[in-house]
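Its first residue numbered 20, the sequence shown is counted upward by one per residue in the working numbering.
Idealized CB from N, CA, C, for every residue including glycine.
Predicted, not measured: the structure shown is a model, and the values here were computed from it.
Note sheet for the following structure.
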Amino acid sequence: MDTEIIKIDRENFERQELRHAGELIRAGALVAFPTETVYGLGGDALDEATVAKIYAAKGRPSDNPLIVHIADLKALDELAVEVPELAYRLAERFWPGPMTMILKKSSIVPDATTGGLPTVSVRMPSDPIARALISESQRYIAAPSANLSGRPSPTAAEHVIEDLSGRIEMIIDGGACDIGLESSILDLSGEVPMILRPGYITKEDFEEIAARVEYDRAVLAERVQESVVAKAPGMKYRHYAPKGQLYLIEGKRADVIATINQLVAEKEGAGIRTAVLCAEETKKQYHCAHVYSLGALSSEKEISAHLFAVLRTFDTEHISVIYSESFEETKLSLAIMNRLRKAAGYQIIRC
Ligand code: TXA
Ligand code: MG
């Protein structure tokens, strides 16, 4: 299949530039589009045949449910039942934006979309292109991240082209994503609101609106490498991983730098292509031919925006072994570490 690629200027575009993309969605085709978090692979959320195509294009297991993207709040009452009052208050505060809520699904949502679960996840993105596409299509758009299953989520159209060119009808190139990590997922289908995937909107942010919010045990367990079944099916799969072996080094900063330098020397001595993943502040302290800075420690957002793109670069640069610094787990860094640990397949070296 030929994949049509269109460029849209997020800051300055006319709705009619998305007319064809909207028609494609209505016709059951797949269109990748930018959001403020990562690029999504979009299709009509209420059409089973389209949903099957989404799973196929990504090579994704069909028990891993999709997020349904909406452009107005009315949609919540159509897609979900028994919506708690808290959901509306959260929506008022965090939508449009990088928050996904899990609610009991209504009968119009096909089982294929929810991977057979009785719940549906819903998000109202803030990216103007995403919003305009949803409105223009007059559909609810199911959109997983627009990467091949297992690869890092795409934060630029080039990443989508790399993974999905020839497999979908259209890619909308709207430039780089602002946040660079997928939305925070909050499960409101049980007694206590649970964070299933940490993201830009943090537990502390949620607590401004909700009296009680907990992390799903899987989010916390991964820090101590317990095995607990993740509630968000997608969080249990190997994810984000570069082709090379990625190791996270944890410890005091000076020890981490010394340990990484020693490991790099050993590998490079053996002729193995090795890289270091670090913060801007420590970049100069590494003796390695391939040092990648994610950004300044003082700007968590800079680090989150660069993470997935750098993980992809390791593949294009044919790096065999990567040693990464770890980041203090406050606010957004909790989400950054959550993705890094998965990317590393939980290979952690403590020093
Ligand atoms: O930022 C985002 O959320 C991006 C953009 C495109 O909006 N989308 C995204 O979708 O990250 P995806 O499919 O890559 O990740 C969705 C995650 C998966 O881990 C999935 O298992 C979980 O959400 N999920 C979806 N519906 C769920 C449900 N009903 N119950 C539990 N987990 C669910
Ligand atoms: Mg994904």
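field: Cβ pair residue 203, residue 143 closer than 8 Å
entry: no
query: So is the beta-carbon of residue 110 under 7 Å away from any non-hydrogen atom of the ligand TXA?
result: no
message: Does the distance between the C-beta of residue 164 and the nearest non-hydrogen atom of the ligand MG fall short of 7 Å?
response: yes
Whole runs of the alpha helix (DSSP H) within the segment 295-348, excluding any shorter than 4 residues: The qualifying runs are 319-335.
field: Own chain residues within Cβ distance below 7 Å of residue 147, not counting five before or after
entry: 29
- request: Tell me whether residue 202 counts as near the ligand MG, meaning its Cβ is closer than 7 Å to at least one heavy atom of that ligand.
  value: no
message: What does the Cβ neighbour count give for residue 80, buried or exposed, with the cut at 16 atoms within 10 Å?
response: Exposed, since its Cβ has fewer than 16 Cβ neighbours within 10 Å.
- prompt: How big is the Cα-Cα spacing for residue 60 and residue 125?
  reply: Going by the C-alpha atoms only, they are around 23 Å apart.
- prompt: Is it a yes or a no for the segment 24-39 touching the segment 94-112, going by three-plus beta-carbon pairs under 8 Å?
  reply: no
- request: State yes or no: is the C-beta of residue 172 nearer than 7 Å to some heavy atom of the ligand MG?
  value: Residue 172 Cβ: within cutoff of the ligand MG.
query: Can you name the start and end residues of the alpha helix (DSSP H) that residue 94 belongs to?
result: 93-98
query: Which residues in the same chain have their Cβ closer than 6 Å to the Cβ of residue 345, if we skip the five residues on either side of it in sequence?
result: 267, 269
field: Stretch pair the segment 271-279 + the segment 292-307: three plus CB contacts closer than 8 Å
entry: yes
message: Using CA atoms only, rank isn't needed, just tell me which of 42, 49, 163 is closest to residue 82.
response: 163
query: Does any heavy atom of the ligand TXA sit closer than 7 Å to the C-beta of residue 78?
result: no
query: Hey, quick one: how far does the beta strand (DSSP E) through residue 140 stretch, first residue to last?
result: 138-142
Coil, strand or helix - residue 67 by DSSP: helix
- prompt: Should residue 251 be counted as a contact of the ligand TXA given a C-beta to heavy atom distance under 7 Å?
  reply: Residue 251 Cβ: within cutoff of the ligand TXA.
message: Quick check: what's the CA-CA separation for residue 195 versus residue 26?
response: 12 Å
- prompt: Of all Cβ atoms in chain B, is any one closer than 8 Å to the Cβ of residue 251?
  reply: Looking for chain B here will not work: only one protein chain is present.
- prompt: Going by Cα to Cα distance, which pick from 237, 238, 207 is closest to residue 225?
  reply: 207
message: Is any non-hydrogen atom of the ligand TXA found closer than 7 Å to the C-beta of residue 88, if you look at the structure I gave you?
response: Flag set: Cβ of residue 88 near the ligand TXA.
- request: Express the C-alpha separation of residue 351 and residue 319 in angstroms, rounding to a whole number.
  value: Taking the straight line joining both Cα atoms gives about 6 Å.
field: Local conformation of residue 366 per DSSP, three classes
entry: coil
message: Using C-beta distances below 6 Å, list every residue in its chain close to residue 140, excluding the 5 sequence neighbours before and after it, in chain order.
response: 86, 119, 121
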